[in-house]
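For reference, the structure is listed below as structure tokens.
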Amino acid sequence: MDSKILSMRNLSVAFGNVRVTDRVSFDISNGEIFALMGESGCGKSVTAMAIPRLLPYPSAKIASGEIIFEGKNLLELSAKDMYEIRGKRIGCVFQEPMQALNPVVSIGVQLLESVRFMPKEDKLKRIKELMAKAELKDPERILKSYPHEMSGGMLQRIVICIALAPKPSLVIADEPTTALDANIQTAVMDTLKNLCKSENAAMLLITHNAHLAAKYANKIAVMYAGRIAECGKADDIFEHPKHPYTKALLNVVPAKGKTLADLKPIPGTVLSPKDFDDGCRFRFRCEFAKEECKKLGYGVLGMGYGENEHRSSCIF
Amino acid sequence: MILNVQNLSVTFRSKGGVVQPLKNICFSLDSGEILGLAGESGSGKSTIANALVGLVPWDPGGSYELFGEKVNPYKKKSFAFVRRKVQMAFQDPYSSLNPRNTIFEIVATPLLANGISGANAAEKTKKMLDLVGLASADLNKFPHAFSGGQRQRIGLARALVLEPKILICDEITSALDVSVQAQILHLLNDLRKELNLSMIFISHDVAVMEIIADKILRLK
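See below:
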């Protein structure tokens, strides 16, 4: 049986003439947590937002590729068919809960909106069931409240409930805890993970935080400058990184027991999308870079096609 | 000991009620030392920083000593002395630089405010930008032309151009990517050696704190 719910194949997104992501491919299986990890500007959010077709129109264009979700290519669907999938089959949790919710509408109305297609008698039951699972106590009071009366952590839990209420099979969580306090990040991530598990939804987790990816993800794709540099099971990536970029990235993550000398900054800066070419994009900052890196064909590696295989786009 | 604070308390009063984020805080700083202030949001880390440079009023009963001199924290004027010795760098590299001023104007402003102008100011500004790793060709650019890490370097140059002895870093790496964070942490360490700086480093990230700080004050 095919357990894949999402297959992205060679997806390139272009803004004008600039391709900000280049032939990104990966698969997400039923119920797993898949993390896209990388620094700002590497194309993680653009890749993720292409799935529910939430990229700015008309500036962003899909230059190549397909996104197969539950057997359908999302890029070919009409706006009306997409309406049936976005929200219902694919839920989204964004970075800023305060901006994701409408400030002048009560929490209850916003929660019920997410289940508007359900039979009337089930709606409230479903919402309360989710709120209980998300550890939101005193639901009656919360339903009557407005977003400004809640803390960031509670709001994010509410957004998580909204995303999961229609029973989606995939939840896209774009930096879900970045805007929250360090001490409640784990609690909110735990809620998100447990809810996805009990609702049997897979999660695409977008994060720049290696600790978070290590703790929650089953599989990880590390992105650099619009391409997947390395992908594989989380343990493989963290214990045996293959790509020089992944190694360099893991070297700069502060952790207990490390000293300043252990943090080795990566020389240079991230390549601007204007300067993208066909060669390896990390070669300007890579200590192993050789002449052949200039003409490295990226597609040859067929990134992401192997189910659980650990692959790196580096030729070494 | 170059800085000694005893019984620092701060109370905020508003229509909603009274909150006291700081109650009888005591700490000291030795020359060349990095003191870390750790704690969750709302634990009062930034309030300590603001109190040290006179941006929030102190409650009665506190005492403040800087380089052996008593500072009267209840008189606004006495902080003019403090600010020549103690400077601050801020968290958000996007909102802490005036978008309408060039980098030269931003970094030279503290000098002009302290009566240093002309060629002398220009030379000091260039030297400082060089020290934080920016090119002198960047002098006439505006903040939007720089990345987050570069903006943080500009903020550090502005704080250091008056040659303070103590630098307060308020979450200066929180808005940066991990790879850029590592660069800034190394820069801070280099600056500390080069300029014989002492620092108060505020962060909610325990791992970062343990890497950079000599001693840590944890707030609850």
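From first to last, the protein sequence lines stand for chains X and L.
Reading the first sequence from the start, the letters are residues 1 to 316 in the numbering used here.
Reading the second sequence from the start, the letters are residues 1001 to 1220 in the numbering used here.
Here a beta-carbon is modelled for each residue, glycine too, at the ideal position from N, C-alpha and C.
Test: residue i CB closer than 8 Å to a CB of chain X
i         : result
Asn1189/L : yes
His1204/L : yes
Glu1171/L : no
His1144/L : no
8 Å Cβ cutoff, residue i in contact with chain L
i        : result
Val18/X  : no
His208/X : yes
Thr269/X : yes
Leu143/X : no
Leu6/X   : no
Met303/X : No answer about Met303/X holds up, because its pLDDT of 48 lies below 50 and its placement is not dependable.
Leu249/X : yes
Val300/X : Any reading at Val300/X needs caution, since the residue's pLDDT is 43, under 50, leaving its predicted position unreliable; the model's value is listed next. Not closer than 8 Å to any Cβ of chain L, the Cβ of Val300/X fails to qualify, so no.
Met1/X   : In this predicted model, Met1/X has a pLDDT of only 42, less than 50, meaning its place in the structure is not dependable; the value taken from the coordinates is given anyway. No, because no Cβ of chain L sits closer than 8 Å to the Cβ of Met1/X.
Interface residues of chain L facing residue i [CB-CB closer than 7 Å]
i       : result
Ser40/X : Asp1177
Chain X residues whose Cβ lies nearer than 9 Å to that of residue i
i         : result
Val1208/L : Pro254
According to DSSP, residues forming a beta bridge with residue i
i         : result
Gly1148/L : None, per the DSSP bridge assignment.
Ile90/X   : Arg86/X and Leu170/X
Thr207/X  : Met37/X
Gly1249/L : Beyond the ends of chain L as shown, which are 1001 and 1220, falls residue 1249/L; an answer cannot be given.
Glu66/X   : Arg9/X
Tyr224/X  : Arg227/X
Ser1198/L : Ile1166/L
Lys4/X    : Ser29/X
Leu1008/L : Ile1025/L
Thr21/X   : Val13/X
Lys247/X  : Per DSSP, none; premise fails for Lys247/X.
Ile1002/L : Partner(s): none; Ile1002/L has no beta bridge.
Asn73/X   : Ile68/X
Gln1087/L : Leu1167/L
Leu1035/L : Ile1200/L and Lys1215/L
Chain-ordered chain X contacts of residue i [CB-CB under 7 Å]
i         : result
Gln1183/L : Pro265
Ser1147/L : Thr269
Contact set between residue i and chain L, taken where Cβ atoms lie within less than 9 Å
i        : result
Thr186/X : What Thr186/X touches in chain L: nothing, since even the nearest Cβ is about 13 Å away.
Contact set between residue i and chain X, taken where Cβ atoms lie within less than 8 Å
i         : result
Glu1040/L : Asp181, Ala182 and Asn183
Ile1212/L : Leu260
8 Å contact criterion, which residue i and residue j should meet: CB distance rounded
i         : j         : result
Ser1095/L : Lys1220/L : Not a contact, Cβ separation roughly 28 Å.
Ala187/X  : Leu111/X  : 20 Å between Cβ atoms; not a contact.
Val1053/L : Phe1090/L : Between Phe1090/L and Val1053/L the Cβ distance is about 12 Å, and since that is not below 8 Å, they are no contact.
Ala1051/L : Leu1008/L : 6 Å
Met223/X  : Leu36/X   : 6 Å
Arg285/X  : Pro267/X  : 6 Å
Any 3 or more C-beta pairs closer than 8 Å across the region 75-85 of chain X and the region 98-105 of chain X
no
Cβ contact (3+ pairs, closer than 8 Å) linking the region 171-184 of chain X and the region 81-95 of chain X:
yes
For the region 192-212 of chain X against the region 223-235 of chain X, are there 3 or more C-beta pairs whose distance is under 8 Å?
no
Using 8 Å as the threshold, is the region 149-164 of chain X in touch with the region 208-215 of chain X, meaning 3 or more CB pairs across them?
no
Does the region 1136-1144 of chain L come close enough to the region 1101-1111 of chain L that 3 or more CB-CB pairs lie under 8 Å?
yes
Measuring CB atoms only, is the region 64-77 of chain X touching the region 135-148 of chain X, in the sense that at least three cross pairs come out at less than 8 Å?
no
Contact between the region 1069-1081 of chain L and the region 1021-1038 of chain L: three or more CB pairs below 8 Å?
no
Inter-stretch contact at 8 Å, needing at least 3 Cβ pairs: the region 1122-1130 of chain L / the region 1175-1193 of chain L
no
Quick test of the definition: if touching needs 3 or more C-beta pairs under 8 Å, does the region 280-289 of chain X touch the region 1016-1031 of chain L?
no
For the region 40-56 of chain X against the region 232-243 of chain X, are there 3 or more C-beta pairs whose distance is under 8 Å?
no
Taking 8 Å as the cut-off, does the region 1185-1199 of chain L touch the region 1104-1115 of chain L (at least 3 CB pairs, one atom from each stretch)?
no
Examine the Cβ distances between the region 19-34 of chain X and the region 273-282 of chain X and report whether three or more of them are shorter than 8 Å.
yes
I'd like to know if the region 1160-1175 of chain L and the region 1203-1212 of chain L are in contact, where contact means that at least 3 CB-CB pairs between them fall below 8 Å.
yes
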